[in-house]
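> If you use my numbering, the sequence shown closes out at 140, no skipped numbers anywhere.
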Amino acid sequence: MVMFLFLVVALAVVVGAVTLAVVGGGENGPLPEAAPERLRDPLPPDRPVDRADVEGLRFPLAARGYRMADVDDALSRLGAELAERDARIADLESALAGARSAAAHGPVHASGENHVSMDKPRQEDRP
14 MVMFLFLVVA LAVVVGAVTL AVVGGGENGP LPEAAPERLR DPLPPDRPVD RADVEGLRFP
74 LAARGYRMAD VDDALSRLGA ELAERDARIA DLESALAGAR SAAAHGPVHA SGENHVSMDK
134 PRQEDRP
């Protein structure tokens, strides 16, 4: 029983000493607040994001995983750029389909009819 009381008192002394050291004791007063860790390598704001930017992206750890704001910002940026690229691809595919359709119908004569020339191609027209 004496050993148990000794261990309880020793534990109380250690906890008290650690609490005083961390909270407010010493010459410099309490410990300063730690600045929250921020995203070190944000995505470049002045150019489109490329594969190397995404592969090099590292999120700092927070108390319960990653900082949600940093992850949300990165995902929003990537989503916006992917949507922009998808729209650009759709525009280019539409233009290509229009050009192919026009080429398939052939040139239209002044009379409004399609005309296919049976003449021999000129030397300048050959690649």
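Glycine residues also receive a C-beta, built at the ideal position from the N, C-alpha and C atoms.
Please report the distance separating the alpha-carbon of Leu56 from that of Glu68.
Here the question's residue 56 lines up with position 43 in the sequence shown. Here the question's residue 68 lines up with position 55 in the sequence shown. About 11 Å.
> Starting from Val142, trace the alpha helix (DSSP H) in both directions and tell me its first and last residue.
No answer is possible for residue 142: it lies beyond the span of the chain, which begins at 14 and ends at 140.
> Hey, Glu106 and Pro61 are a contact pair by Cβ (cut 8 Å); roughly how many whole angstroms apart?
To locate residue 106, count along the sequence shown from 1; it is residue 93. To locate residue 61, count along the sequence shown from 1; it is residue 48. 20 Å between Cβ atoms; not a contact.
> Between Ala87 and Asp104, what straight-line distance do the alpha-carbon atoms span, to the nearest angstrom?
Stepping through the sequence shown from its first residue, residue 87 is reached at position 74. Stepping through the sequence shown from its first residue, residue 104 is reached at position 91. Computed Cα separation, rounded: 26 Å.
> What's the C-alpha gap between Leu24 and Arg77?
As a working note, residue 24 is residue 11 in the sequence shown. As a working note, residue 77 is residue 64 in the sequence shown. If you take the alpha carbons of Leu24 and Arg77, they lie about 29 Å apart.
> If you draw a straight line from the alpha carbon of Tyr79 to that of Pro73, how long is it in whole angstroms?
As a working note, residue 79 is residue 66 in the sequence shown. As a working note, residue 73 is residue 60 in the sequence shown. So the alpha carbons of these two residues sit roughly 6 Å apart.
> For the alpha helix (DSSP H) holding Asp63, just list the boundary residues, first then last.
Indexing the sequence shown from 1 puts residue 63 at position 50. It is not in any alpha helix (DSSP H) - Asp63 carries neither H nor E in the DSSP assignment.
> Would you report the Cα separation of Phe19 and Asp66, rounded to the nearest angstrom?
Position 6 of the sequence shown, counted from the first residue, corresponds to residue 19. Position 53 of the sequence shown, counted from the first residue, corresponds to residue 66. In a straight line, the C-alpha of Phe19 is about 59 Å away from that of Asp66.
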